[in-house]
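In the UniProt record's numbering, the protein residues as written are 1 to 337. Reviewing the structure listed below.
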Ligand code: NAD
Ligand code: UD1
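What follows is the structure in structure tokens.
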């Protein structure tokens, strides 16, 4: 199977490439490197012994996208390219709608012209808003509380309308819960620009000495220890979910939607103590006010993905934090030497 991977140089993209290439698939990447480095692709090649053709460019550049589809015959596309910082999306909504929504429209137009009808889209558990109950199944109502989440929801709805009008298309909307961790080799991992927004990269940077202490956003939530609960999923499990989704699209399922999570919730304090075990140091922290827009708890019911894809997350929380620490300690500056 020959697959175009948009945003393939990024965190989830690079891990997915490894699993795809190891499963015998071929991959071409388009990425403008706005939040990543081409070094990640060199490392994917090093890990797999395979080559990945790379186009450095923007998915908003339609002539470039047409050239890529003219140069290759693809069986499917995995669409990771997108902006994902919630706070920035509130400050710069047009940038997020332009990139995430218009970028997807251009991709779909070019795919349609080229007769490529199989698409895997990176969605997020953020589309469930503040869920009325837990665990979350795919039929829960959707809503968005910020432009990032809104852009994901808009794309989900656009893809549903588009598939309805074009039944020959097969589209998998994958709703990721909280991806963390790194490849067990420690050769690829998450390398955020600037100050990390997300918990795991922040804890890693405290552990390596780049940040002084973690701020825990609230300890008065209605959760067992008062801190926020999330469904953290090892990025390698998530990557394997994409290989399974590509295989599913070969059976012409039409539009499908899957939660990719473990079904297990952990608190911020659970994450801190697991990380302390992994790195053998104390993680200094302070309790800070709640972060605007945060919810108390969120975790998946992953049963549908098991039934339909035969996919299940297998890595434990300790595997996740051990692999994060392995990557961070081997690469204190990420991909930058
Ligand atoms: P990432 O930033 O590491 O990867 C995204 C990649 O897309 C980057 O390499 C970036 O350079 C590229 N990109 C962005 N806009 C582009 C454009 N217009 N043209 C070409 N390339 C472009 O992020 P990630 O964590 O790997 O996330 C991948 C996808 O999964 C995103 O769509 C994100 O919204 C979604 N997602 C991520 C999470 C998470 O916690 N990491 C959770 C849910 C959903
Ligand atoms: C966030 C986004 C979500 C996005 C996801 C992946 C918000 C409100 N939500 O999810 O839309 O899909 O990232 O990019 O930004 N925490 C701390 N201190 C920190 C960082 C986080 O205590 O420095 C806590 C949070 O309050 C939360 C948990 O850790 O309880 C996880 O936070 P984070 O990693 O940012 O993920 P989400 O908020 O679940």
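Idealized CB from N, CA, C, for every residue including glycine. All figures in this text were calculated on a predicted structure; none of them were measured in a lab.
Counting Cβ pairs closer than 8 Å, one from the stretch 176 to 189 and one from the stretch 233 to 249, do we hit at least three? Contact between the stretch 176 to 189 and the stretch 233 to 249 is present, because at least three Cβ pairs lie under 8 Å.
Mapping DSSP to helix, strand and coil, what is residue 75? Looking at residue 75 - three-state DSSP - the assignment turns out to be coil, as it is neither helix nor strand.
Excluding sequence positions up to five away, which residues of its chain have a Cβ less than 7 Å from the Cβ of residue 108? Hits under 7 Å: 162.
Where residue 185 sits in the DSSP three-state scheme: Note: residue 185 maps to coil in three-state DSSP.
Going by DSSP, what residue range makes up the beta strand (DSSP E) through residue 91? According to the DSSP assignment, residue 91 belongs to no beta strand (DSSP E) but to the alpha helix (DSSP H) extending over 86 to 91.
Which residue marks the beginning of the beta strand (DSSP E) containing residue 237, and which one marks its end? Following the DSSP letters along the chain, one finds residue 237 in no beta strand (DSSP E) but inside the alpha helix (DSSP H) bounded by residues 235 to 249.
Terminal residues of the continuous beta strand (DSSP E) containing residue 6? Residues 2 to 6.
Count Cβ pairs between the stretch 151 to 170 and the stretch 288 to 302 that sit closer than 8 Å; are there 3 or more? Contact between the stretch 151 to 170 and the stretch 288 to 302 is absent, because fewer than three Cβ pairs lie under 8 Å.
Alpha carbon to alpha carbon, what distance is there between residue 141 and residue 337? Cα to Cα, the separation comes out at about 45 Å.
Do residue 83 and the ligand NAD come close, with the Cβ less than 7 Å from some heavy atom? Relative to the ligand NAD, the beta carbon of residue 83 is positioned inside 7 Å of a heavy atom.
Suppose only complete runs of 3+ residues qualify. What are the beta strand (DSSP E) ranges in the stretch 29 to 72, listed by chain order? Look at the stretch 29 to 72 and you find these whole runs of beta strand (DSSP E), each 3 residues long or longer: 53 to 56.
Residue 215 classed as buried or exposed, judged by whether at least 16 other C-beta atoms fall within 10 angstroms: So residue 215 counts as exposed.
List the DSSP bridge partners of residue 286. Per DSSP, 215.
Cβ of residue 215 versus every heavy atom of the ligand NAD: is any distance shorter than 7 Å? False, no ligand heavy atom lies under 7 Å from that Cβ.
What residues are listed by DSSP as bridge partners for residue 171? Note: residue 171 sits in a beta bridge opposite 119 and 255.
How would you label residue 196, buried or exposed, when you count the other beta carbons within 10 angstroms and need 16 or more for buried? So residue 196 counts as buried.
Tell me the DSSP secondary structure of residue 329 in three-state form. Reduced to three states, the DSSP call for residue 329 is helix.
Which residue from 302, 316 and 317 puts its Cα closest to that of residue 310? Residue 310 has its Cα closest to that of 302, out of 302, 316 and 317.
Rounded to the nearest angstrom, what separates residue 97 and residue 26 at their Cα positions? Approximately 30 Å, taken between the alpha carbons.
Please find out if some non-hydrogen atom of the ligand UD1 comes closer than 7 Å to the beta-carbon of residue 43. Residue 43 has its Cβ no nearer than 7 Å to any heavy atom of the ligand UD1.
May I ask you to check if the CB of residue 319 is nearer than 7 Å to at least one heavy atom of the ligand NAD? Incorrect: residue 319 has no Cβ contact closer than 7 Å to the ligand NAD.
So, for residue 187: in the same chain, excluding its five sequence neighbours on each side, which residues have a beta-carbon less than 6 Å away from its beta-carbon? So the list reads 43 and 47, once near-sequence residues are dropped.
Looking only at C-alpha atoms, which of 178, 250 and 313 sits nearest to residue 266? The shortest C-alpha to C-alpha distance from residue 266 to any of 178, 250 and 313 is the one to 178.
Report the three-state DSSP secondary structure of residue 221 (helix, strand or coil). Of the three classes helix, strand and coil, the one that applies to residue 221 here is coil, per DSSP.
Beta carbon of residue 254 nearer than 8 Å to that of residue 300: With respect to the 8 Å criterion, residue 254 and residue 300 are not classified as neighbours on the basis of their beta carbons.
DSSP on residue 317, reduced to helix/strand/coil? In this structure, DSSP gives residue 317 a helical state, which the three-state scheme calls helix.
Start and end residues, alpha helix (DSSP H) containing residue 268: It spans 268 to 279 - the alpha helix (DSSP H) in which residue 268 sits, taken as one unbroken run.
Cα separation between residue 91 and residue 258? Rounded to the nearest whole angstrom, the C-alpha separation of residue 91 and residue 258 is 30 Å.
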